[in-house]
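So the sequence shown is residues 1 to 503, counted in the UniProt record's numbering. Idealized CB from N, CA, C, for every residue including glycine.
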Amino acid sequence: MRRGRRARHVLLGRRAALRLPGPRAQGGRGAAAPHRGGPRRRGAARRSARAGRGVGAHRLGDGRGRRRGARVRPPARGAGRGRGHRRAARGRRRRHRRRLRALPAPARQRGRGELSTAGARTGLARSGLYAGAFLGPFGGGVTVAMLPELGATFGVSATTAASSVTAYLLPFAAAMLFSGTLGERWGRRRTVVLAYAAYVVASLACVLAPTWELFLTGRALQGLANAFTTPLLLAALAGSAAPERLGRALGWFGSLQAAGQTSAPLLGGIAAELDWRLAFGGVAAVAVLLGLAGIPPSERPTGPRPGLRSAWRPAVLRAGLVAAVGWSCLAGLNFLVALRLEEEFGLGSGARGLVLTGLGVAGLLTARVVGGAVDRIGPRRAVLAGAAAGVVVVVGAGTAPAVWMVAAVWALGGVATQLVLVGVNALVLRDTGGNAGGSMSVVQAVRFGGGALAPPALTPLYATDPLTAFLLPAALLAAVVPVALPRSREEPARDVPTPRADA
Numbered sequence: 001m002r003r004g005r006r007a008r009h010v011l012l013g014r015r016a017a018l019r020l021p022g023p024r025a026q027g028g029r030g031a032a033a034p035h036r037g038g039p040r041r042r043g044a045a046r047r048s049a050r051a052g053r054g055v056g057a058h059r060l061g062d063g064r065g066r067r068r069g070a071r072v073r074p075p076a077r078g079a080g081r082g083r084g085h086r087r088a089a090r091g092r093r094r095r096h097r098r099r100l101r102a103l104p105a106p107a108r109q110r111g112r113g114e115l116s117t118a119g120a121r122t123g124l125a126r127s128g129l130y131a132g133a134f135l136g137p138f139g140g141g142v143t144v145a146m147l148p149e150l151g152a153t154f155g156v157s158a159t160t161a162a163s164s165v166t167a168y169l170l171p172f173a174a175a176m177l178f179s180g181t182l183g184e185r186w187g188r189r190r191t192v193v194l195a196y197a198a199y200v201v202a203s204l205a206c207v208l209a210p211t212w213e214l215f216l217t218g219r220a221l222q223g224l225a226n227a228f229t230t231p232l233l234l235a236a237l238a239g240s241a242a243p244e245r246l247g248r249a250l251g252w253f254g255s256l257q258a259a260g261q262t263s264a265p266l267l268g269g270i271a272a273e274l275d276w277r278l279a280f281g282g283v284a285a286v287a288v289l290l291g292l293a294g295i296p297p298s299e300r301p302t303g304p305r306p307g308l309r310s311a312w313r314p315a316v317l318r319a320g321l322v323a324a325v326g327w328s329c330l331a332g333l334n335f336l337v338a339l340r341l342e343e344e345f346g347l348g349s350g351a352r353g354l355v356l357t358g359l360g361v362a363g364l365l366t367a368r369v370v371g372g373a374v375d376r377i378g379p380r381r382a383v384l385a386g387a388a389a390g391v392v393v394v395v396g397a398g399t400a401p402a403v404w405m406v407a408a409v410w411a412l413g414g415v416a417t418q419l420v421l422v423g424v425n426a427l428v429l430r431d432t433g434g435n436a437g438g439s440m441s442v443v444q445a446v447r448f449g450g451g452a453l454a455p456p457a458l459t460p461l462y463a464t465d466p467l468t469a470f471l472l473p474a475a476l477l478a479a480v481v482p483v484a485l486p487r488s489r490e491e492p493a494r495d496v497p498t499p500r501a502d503a
């Protein structure tokens with residue numbers, strides 16, 4: 001196939017047996033063709049042609065005059081003289097038509113309505129990613145402020161009612177060790193939608209539970225379902241965001257996680273004033289909407305199916321250790337700050353909750369700034385900067401002589417926590433080893449496991465020496481994070497092998 005001597009001519013074959021005029025010469029209202037014959041007449045499209053009009057989906061006919069399309073021009077001068085020449089030309093035209101039929105059909109172009117609908121669906125699914133980030137931590141901490149009401153409903157003490165938090169966190173952290181890898185094997189969208197459906201069933205089971213044991217079962221199912229959403233939402237977010245804007249996207253995701261954790265006691269307590277079941281009915285309704293929204297589509301897999309070995313790599317485990325230290329030694333110290341505010345300053349529960357909420361609010365307001373910093377300076381430097389700021393926050397929270405100073409320092413802790421966690425997530429998602437969901441699930445499992453160890457380890461130490469209970473986490477931040485943090489890749493890469501879009 002080559003360009004002919006005349007304008008808008010395409011020649012097929014060495015001897016130019018088939019000539020196809022350009023698109024401007026084919027339209028009834030187009031410009032006049034520069035070759036002989038002048039502008040195309042109205043009845044020219046209906047004339048019978050010796051060799052076809054165009055070929056199928058290519059709009060070049062099928063060779064039998066069944067479709068409007070390009071007209072076949074006679075051969076070059078001298079090529080049509082004699083019966084043998086005409087027979088050879090007809091044979092060449094037949095061969096050329098067969099070659100045209102073998103060409104792949106061009107992709108169907110969508111209309112404006114289809115493009116707008118597809119864009120709206122993608123935008124809705126992308127918003128669902130961030131809403132899912134809020135739902136997970138919110139569902140875990142929603143029972144913190146309704147423990148007396150739960151105890152009165154099921155006839156148990158408030159201390160026993162506190163096990164509802166543990167019943168959620170234990171299956172959540174345990175299943176995260178393998179949930180991301182299974183989700184990558186089954187398909188991200190299918191797994192997330194089914195997990196939201198299971199979350200709805202578990203929430204309704206909590207609402208309708210007649211006994212305490214069945215209520216705890218519903219809480220355990222909630223944690224198990226959430227374990228199959230959080231890592232896959234992070235992997236889908238990394239797959240839909242541009243590499244140079246990955247930090248900003250993860251910053252918003254992390255800020256909404258912090259907002260869900262800090263607002264859960266407040267909203268749960270307000271719901272408990274009327275009926276604690278309203279809180280579980282609300283999260284069930286939100287889960288239904290998120291399941292309908294789904295997640296943005298991703299590309300089909302190009303490599304082998306991911307396994308657990310690809311997620312349990314040394315670099316991923318080291319990143320998980322950094323996330324565990326950064327979480328348990330920063331935001332995970334809220335119980336120590338609450339104890340100090342009560343014992344040394346005599347604050348009530350409302351005032352303590354207001355001070356502690358400052359960490360989540362600061363993280364939410366600075367999400368764009370933190371994400372931009374991760375994109376500019378790199379995830380490794382962001383984690384180191386967050387750890388250095390965290391040392392100042394922890395020491396200040398344990399030694400500040402006034403309540404307003406404790407509140408200001410603790411709000412700064414929201415920025416430091418986001419730098420550490422967003423940097424770790426970006427570091428892992430830039431080198432996933434073909435298993436983005438599995439890598440993120442391992443990191444999150446180690447992170448929440450470390451956060452669960454902080455209260456039993458530091459509460460007895462605080463009773464003995466309050467200052468040491470704050471200095472020890474600061475020392476861990478300064479010593480463990482720089483040593484355990486893996487090296488980042490200079491060239492950020494997107495996650496190439498991804499699961500099916502509708503799997």
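Three-state class that DSSP yields for residue i in the structure shown
{"i": "residue 228", "result": "coil"}
{"i": "residue 270", "result": "helix"}
{"i": "residue 262", "result": "helix"}
{"i": "residue 330", "result": "coil"}
{"i": "residue 256", "result": "helix"}
{"i": "residue 348", "result": "coil"}
{"i": "residue 335", "result": "helix"}
{"i": "residue 440", "result": "helix"}
{"i": "residue 361", "result": "helix"}
{"i": "residue 157", "result": "coil"}
{"i": "residue 172", "result": "helix"}
{"i": "residue 142", "result": "coil"}
{"i": "residue 177", "result": "coil"}
{"i": "residue 312", "result": "coil"}
{"i": "residue 94", "result": "helix"}
{"i": "residue 242", "result": "coil"}
{"i": "residue 487", "result": "coil"}
{"i": "residue 162", "result": "coil"}
{"i": "residue 459", "result": "helix"}
{"i": "residue 132", "result": "helix"}
Residue i burial status per 10 Å Cβ neighbour count (16 or more: buried)
{"i": "residue 171", "result": "buried"}
{"i": "residue 295", "result": "buried"}
{"i": "residue 375", "result": "buried"}
{"i": "residue 233", "result": "buried"}
{"i": "residue 431", "result": "buried"}
{"i": "residue 479", "result": "exposed"}
{"i": "residue 404", "result": "exposed"}
{"i": "residue 360", "result": "buried"}
{"i": "residue 398", "result": "buried"}
{"i": "residue 309", "result": "exposed"}
{"i": "residue 346", "result": "exposed"}
{"i": "residue 328", "result": "buried"}
{"i": "residue 285", "result": "exposed"}
{"i": "residue 350", "result": "exposed"}
{"i": "residue 332", "result": "buried"}
{"i": "residue 297", "result": "buried"}
{"i": "residue 127", "result": "exposed"}
{"i": "residue 224", "result": "buried"}
{"i": "residue 476", "result": "buried"}
{"i": "residue 155", "result": "exposed"}
{"i": "residue 273", "result": "exposed"}
{"i": "residue 402", "result": "exposed"}
Endpoints, alpha helix (DSSP H) assigned at residue i
{"i": "residue 379", "result": "379–399"}
{"i": "residue 207", "result": "188–208"}
{"i": "residue 149", "result": "147–154"}
{"i": "residue 482", "result": "466–484"}
{"i": "residue 403", "result": "403–429"}
{"i": "residue 282", "result": "277–293"}
Chain-order list of residues whose beta-carbon lies under 6 Å from that of residue i (same chain, five-residue window excluded)
{"i": "residue 196", "result": "287, 290 and 291"}
{"i": "residue 180", "result": "231, 437, 438, 440 and 441"}
{"i": "residue 226", "result": "136 and 172"}
{"i": "residue 27", "result": "At residue 27 the pLDDT is 43, less than 50, meaning the model places this residue with poor confidence and gives no usable figure here."}
{"i": "residue 426", "result": "246, 247, 250, 374 and 379"}
{"i": "residue 221", "result": "202"}
Cβ neighbours of residue i in the same chain (closer than 7 Å, five flanking residues each side left out)
{"i": "residue 130", "result": "252, 253 and 256"}
{"i": "residue 124", "result": "293"}
{"i": "residue 342", "result": "352"}
{"i": "residue 458", "result": "336 and 469"}
Sequence-distant residues of its chain with Cβ nearer than 8 Å to residue i (five each side left out)
{"i": "residue 372", "result": "247, 248 and 251"}
{"i": "residue 537", "result": "The structure shown does not extend to residue 537, since the chain is modelled only from 1 through 503, so no value can be given for it."}
{"i": "residue 383", "result": "322, 326, 419, 420, 423, 424, 427, 481 and 485"}
{"i": "residue 138", "result": "260, 261, 263, 264, 267 and 283"}
{"i": "residue 149", "result": "272 and 276"}
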